[in-house]
Structure formats: C-alpha cells, structure tokens
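Novice: 1 is the number of the first residue of the sequence shown in the UniProt record's numbering; add one for each residue after it.
From the three backbone atoms N, C-alpha and C, an ideal C-beta is built for every residue, glycine too.
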Amino acid sequence: MDSLKAQIESKRKLTNLTSNEGPAPKKYMRKGDIEKAKLEAEREEKERKRTISQQANFKETEDRLIPSGSKEGINTSLDGQATPNGLENENDQVVPELFNISNEEAVRRLRSRGQPIRLFGESDKERRLRLRALQLIEERTEGGRNELMRALEGVEGNMDLEELAKRARDANVKGDSNMNKDGKLGSGDEMDGDMKNAEDAEVTVDLELIKTDPRKIYPQIYFALKRVLKEWEQSMAERPDHIRRSTQGKLVAATQKQSAEYLKPLFKSLRKRDLAPDVLQAVAEIVHNMQTREYIKANDAYLRLSIGNAPWPIGVTMVGIHERSGREKIFSNNVAHVLNDEVSRKYIQSLKRILTFAQTKRPPDDLARKMG
1 MDSLKAQIES
11 KRKLTNLTSN
21 EGPAPKKYMR
31 KGDIEKAKLE
41 AEREEKERKR
51 TISQQANFKE
61 TEDRLIPSGS
71 KEGINTSLDG
81 QATPNGLENE
91 NDQVVPELFN
101 ISNEEAVRRL
111 RSRGQPIRLF
121 GESDKERRLR
131 LRALQLIEER
141 TEGGRNELMR
151 ALEGVEGNMD
161 LEELAKRARD
171 ANVKGDSNMN
181 KDGKLGSGDE
191 MDGDMKNAED
201 AEVTVDLELI
211 KTDPRKIYPQ
221 IYFALKRVLK
231 EWEQSMAERP
241 DHIRRSTQGK
251 LVAATQKQSA
261 EYLKPLFKSL
271 RKRDLAPDVL
281 QAVAEIVHNM
291 QTREYIKAND
301 AYLRLSIGNA
311 PWPIGVTMVG
321 IHERSGREKI
331 FSNNVAHVLN
341 DEVSRKYIQS
351 LKRILTFAQT
361 KRPPDDLARK
371 MG
C-alpha cells in the first residue's frame with residue numbers, strides 16, 4: 001500500500017513539473033501559421049530594403065546639392081542656430097542643411113507658392129528643407145503643363161506696361177495732330193507700305209506650285225500665316241479692358257502668345273525652305289482652304305497631317321509571320337507627324353488654333369463649310 005502511494009505521489013509531482021514548464025512543442029504546424037510567418041518575413045525584408053533605399057537616395061541628394069568641400073563649413077555655420085522650441089532632435093543632427101537662406105526669404109517663397117509658412121512644431125531648418133523639396137518637385141514637373149501658366153503670367157505682367165504705352169501713344173498722336181493742322185497726307189513710305197500689305201493680303205496659296213515649283217510656295221505660306229497671326233494679336237489688343245482683365249480673357253491671350261511661340265520652328269523651316277514634302281503639302285492645303293473659307297477641307301488636311309490616315313500602326317503590322325495588308329499603306333502621306341517629336345506636335349496644334357480663329361474672324365457663307 002505504501003509503495004502504491006509513493007508511485008501516485010511521484011506521478012503527481014511529475015505532472016505539476018510539466019505543467020509549470022509550459023506546453024510541449026508541437027510536432028506539426030498549421031497552414032495559417034506558416035503563411036503568417038512568411039508574411040512577417042516579407043514585411044521585415046521590405047522594411048529593410050526601404051531603409052537602405054532611403055539612405056542611398058539621401059546620400060545621392062546630399063552629394064548632388066552640396067559640394068564636397070563645403071559640407072563642413074555649412075554644418076559648422078548652422079551649429080549655433082536655435083530652433084523655436086530650443087531642442088535639437090535626432091533628425092536635425094542627421095539631415096544636413098541643403099541650402100542656406102534667411103527666414104524672411106523662406107517665408108516669402110512659401111507664400112508665393114500658396115504654402116503655409118510654418119507647420120505645427122516645425123523648426124526653421126525643417127521649413128527650409130520643406131521649401132527645397134517643393135522647389136525640386138516644381139523643377140521635375142515643369143513642362144508642357146506649365147507653359148500655358150508661364151504665358152499667362154507674362155500676359156498679366158505686360159498688361160500694365162501696355163496700358164502705359166497706349167497712353168503714351170495717344171499723347172503722341174494728339175500732339176502730332178495739333179502740329180499737322182494743315183491737313184497733309186502721310187509720307188510716301190507709309191503709303192507704299194500700305195500698298196504692299198494690301199498686295200500681300202490678296203495673295204492666295206497656289207497648290208499647283210507644289211508640283212511645278214515648290215520653292216515659290218514657301219513665302220506664300222509664310223506671309224499668310226504671319227498675317228493671320230498678326231490679326232489674332234490685334235484682336236486680342238482691341239478687346240475691352242474688362243474682358244482683357246477677366247480670367248477667360250487672360251487665358252485666351254495666353255493661348256495666342258503660346259501659339260505664336262510654338263509656330264517659330266515652322267516659320268524658321270519656311271524661311272529655310274526645308275520642310276518635308278508631305279508636311280509642305282498638308283500645310284499648303286490647310287492655308288489654301290483657310291483663305292478660301294473651306295474650313296471642312298482645311299480640317300481634313302489638318303487631320304491627315306496630325307494623326308495620319310493609316311489604318312494599321314507600324315507596331316501592329318508585323319505581329320505574325322505574314323505581313324498584314326496595312327503594311328503597304330504605311331508611307332509618307334499616312335504618317336502621323338504629331339508623333340514625330342514635341343516640336344512638330346506644338347506647331348501642328350498651333351495651326352489648328354489659327355484655323356479656329358480664322359473661322360471665327362471670317363466665317364463662311366455656307367454653314368456646310370464650317371468645321372465643328
């Protein structure tokens with residue numbers, strides 16, 4: 001009996017000892033536990049790679065913006081600067097100052113960009129870093145989207161100067177009228193210039209010259225486009241002041257200014273007489289139909305110039321082992337020139353704008369010839 005009690009007591013002690021040490025390790029794992037472990041390992045790996053990438057990008061930016069010889073001088077000169085709360089955190093010690101400007105200049109630049117001059121708990125150094133980040137973003141995104149905005153800013157800046165120049169011209173005209181009360185006509189040079197302009201206005205682009213003598217058609221296209229562009233500019237200047245200073249009026253003026261800038265490469269090619277034959281033919285058709293108020297035909301020529309007339313793009317014709325039927329249709333007359341480069345796209349777009357203005361300025365007699 002005593003031996004039985006001793007065995008029971010030993011078993012009880014062994015059971016208590018095992019329960020205190022915890023459950024024994026399992027000989028198997030659930031699928032959910034395996035997936036959880038994999039996700040945790042992937043998360044840690046991504047976090048490690050992200051940290052390494054941030055450190056590499058920061059090092060590259062530091063080497064690009066700060067010369068190697070001036071890093072110690074910049075860090076030394078900024079050691080004595082105090083933050084608003086008088087504390088220096090670890091980020092201020094790790095991140096160097098990328099450029100040194102005064103607080104007033106930083107406030108002015110932030111206000112000009114519509115940004116808050118100080119965020120909650122932001123130090124002067126952090127504010128300068130935020131301003132620098134905004135400037136880098138603007139430099140990277142500066143492009144076609146901002147060209148119209150720059151033209152709009154130029155229009156707004158020139159309005160006051162144009163007003164002063166207009167007042168000066170009015171004063172000069174008034175003084176000249178008081179001096180020339182005897183009723184004399186203008187000078188002979190002015191009369192000759194007016195006659196020359198009248199003769200230029202009567203010149204219509206001759207499409208037959210494309211086959212016979214293409215070099216003679218270049219000046220006709222050049223002066224025709226210049227004339228319409230000048231009319232567009234004059235119509236912008238002759239608008240009432242309240243329309244010119246409205247938002248829509250400024251946008252229209254900026255569009256005209258941008259179109260004139262985009263057309264400069266085309267004018268240069270026309271002066272040098274080095275346009276491609278298919279481009280010359282399409283531009284000549286656009287200008288000729290615009291002069292004869294055949295705006296539907298002019299728009300068709302514009303579409304052939306811009307997007308082409310080929311049903312199969314080049315990248316699709318050689319998909320299989322046999323050539324598709326669209327391959328033979330890909331030649332110069334069917335090429336989409338708007339895809340050639342950015343310069344071609346810009347002056348082709350400006351040609352469309354000039355065509356739209358010409359239709360508004362000189363509408364056709366028959367509505368069937370009106371585009372849009």
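Of the choices P277, G121 and A284, whose alpha-carbon is the least far from that of I221?
Specialist: Ranking P277, G121 and A284 by Cα distance to I221 puts A284 first.
Novice: Where are the alpha helix (DSSP H) runs, 4 residues long or more, that stay fully inside the stretch 232-267, in chain order?
Specialist: Whole alpha helix (DSSP H) segments, 4+ residues: 241-244 and 247-262.
Novice: Within 10 angstroms of the Cβ of T360, are there 16 or more other Cβ atoms? Answer buried if so, exposed if not.
Specialist: Exposed is the call here.
Novice: If you reduce the DSSP assignment to three classes, tell me which class M290 lands in.
Specialist: Of the three classes helix, strand and coil, the one that applies to M290 here is helix, per DSSP.
Novice: Thinking just about the alpha-carbon of each residue, which of K38, Y218, Q349 and K264 is nearest to the one in R304?
Specialist: It is Q349.
Novice: What does the Cβ neighbour count give for Y302, buried or exposed, with the cut at 16 atoms within 10 Å?
Specialist: Classification for Y302: buried.
Novice: Could you pull the start and end residues of the alpha helix (DSSP H) that D300 belongs to?
Specialist: It spans Y295 to S306 - the alpha helix (DSSP H) in which D300 sits, taken as one unbroken run.
Novice: What are the start and end residues of the alpha helix (DSSP H) that includes residue 374?
Specialist: The chain is shown from 1 up to 372; residue 374 falls before or after that span and cannot be answered.
Novice: Distance check for A253 and D300, CA to CA, integer angstroms please.
Specialist: Their backbone Cα atoms lie some 27 Å apart in a straight line.
Novice: Mapping the DSSP letters down to three states, classify E44 as helix, strand or coil.
Specialist: The answer is helix: DSSP assigns E44 an H, G or I state.
Novice: What is the rounded straight-line gap between the Cα of L39 and the Cα of D124?
Specialist: Those two C-alpha atoms are separated by around 41 Å.
Novice: State the start and end residues of the unbroken alpha helix (DSSP H) segment that holds T204.
Specialist: T204 -> no alpha helix (DSSP H), and no H or E assigned at all.
Novice: For a quick check, are the C-beta atoms of L355 and M290 less than 8 Å apart?
Specialist: Yes; because the gap between Cβ atoms is below 8 Å, this pair is in contact.
Novice: Where do the ends of the alpha helix (DSSP H) carrying L119 lie?
Specialist: Where L119 is concerned, there is no enclosing alpha helix (DSSP H), given that its DSSP letter is neither H nor E.
Novice: DSSP state of I137, grouped into three classes?
Specialist: Here I137 sits in helix by DSSP.
Novice: For R215, count neighbouring C-beta atoms within 10 Å of its own C-beta (all shown protein chains included) and say buried if the count is 16 or more, exposed if not.
Specialist: The residue in question, R215, is exposed, as its Cβ has fewer than 16 Cβ neighbours within 10 Å.
Novice: Which residue marks the beginning of the alpha helix (DSSP H) containing N103, and which one marks its end?
Specialist: Segment N103 to S112, the alpha helix (DSSP H) holding N103.
Novice: Taking a contact to mean a Cβ-Cβ separation below 8 Å, would you say T212 touches H288 in this structure?
Specialist: Cβ atoms of T212 and H288: not closer than 8 Å.
Novice: Which of the three DSSP states is assigned to R271 in this structure?
Specialist: It is helical.
Novice: Assess contact between the stretch 105-119 and the stretch 129-138, defined as three or more Cβ pairs (one per stretch) separated by less than 8 Å. Is contact present?
Specialist: Verdict: yes, contact present.
Novice: Is the distance from the Cβ of L209 to the Cβ of I286 below 8 Å?
Specialist: It is not a contact, given that the beta carbons lie outside the stated cut-off.
Novice: For the putative contact between V228 and A106, defined by C-beta atoms under 8 Å, what is the C-beta separation to the nearest angstrom?
Specialist: About 47 Å separates the two Cβ atoms, so there is no contact after all.
Novice: Can you tell me whether L367 is buried or exposed? The criterion is at least 16 other CB atoms within 10 Å of its CB, across all chains shown.
Specialist: Exposed, by the Cβ-count rule.
Novice: Quick test of your reading: I101 and R127, contact by CB under 8 Å. State the CB separation rounded to the nearest angstrom.
Specialist: In fact, because the Cβ distance is near 10 Å, the residues do not count as touching under 8 Å.
Novice: Quick check on Y28: buried or exposed, where buried means 16 or more other Cβ atoms within 10 Å of its Cβ?
Specialist: With fewer than 16 other Cβ atoms within 10 Å, it is exposed.
Novice: Mark E9 as exposed unless 16 or more other C-beta atoms lie within 10 angstroms of its C-beta, in which case mark it buried.
Specialist: The residue in question, E9, is exposed, as its Cβ has fewer than 16 Cβ neighbours within 10 Å.
Novice: Please report the Cβ distance between Y347 and P265, rounded to the nearest whole angstrom; I am assuming they are in contact, meaning their Cβ atoms lie under 8 Å.
Specialist: About 6 Å; that satisfies the 8 Å criterion.
Novice: With burial defined as no fewer than 16 other Cβ atoms inside 10 Å of the residue's Cβ, what is the status of E298: buried or exposed?
Specialist: For the record, residue 298 in the displayed sequence is Ala; it is not Glu. So A298 counts as buried.
Novice: State the Cα-Cα distance for the pair I34 and L14, rounded to the nearest angstrom.
Specialist: Approximately 33 Å, taken between the alpha carbons.
Novice: In three-state DSSP terms, what is N57?
Specialist: Note: N57 maps to helix in three-state DSSP.
Novice: Can you tell me whether R259 is buried or exposed, with buried defined as 16 or more other CB within 10 angstroms of its CB?
Specialist: Before going further, note that residue 259 is Ser rather than Arg in the sequence given. Buried is the call here.
Novice: CB R271 to CB P364, shorter than 8 Å?
Specialist: No.
Novice: Where does F331 sit, in a helix, a strand or coil, going by DSSP?
Specialist: At F331 the pLDDT is 49, less than 50, meaning the model places this residue with poor confidence; the figure from the coordinates comes in the next sentence. Coil.
Novice: Locate the alpha helix (DSSP H) running through K361, then write down its first and last residues.
Specialist: First-last of the alpha helix (DSSP H) with K361: E342 to K361.
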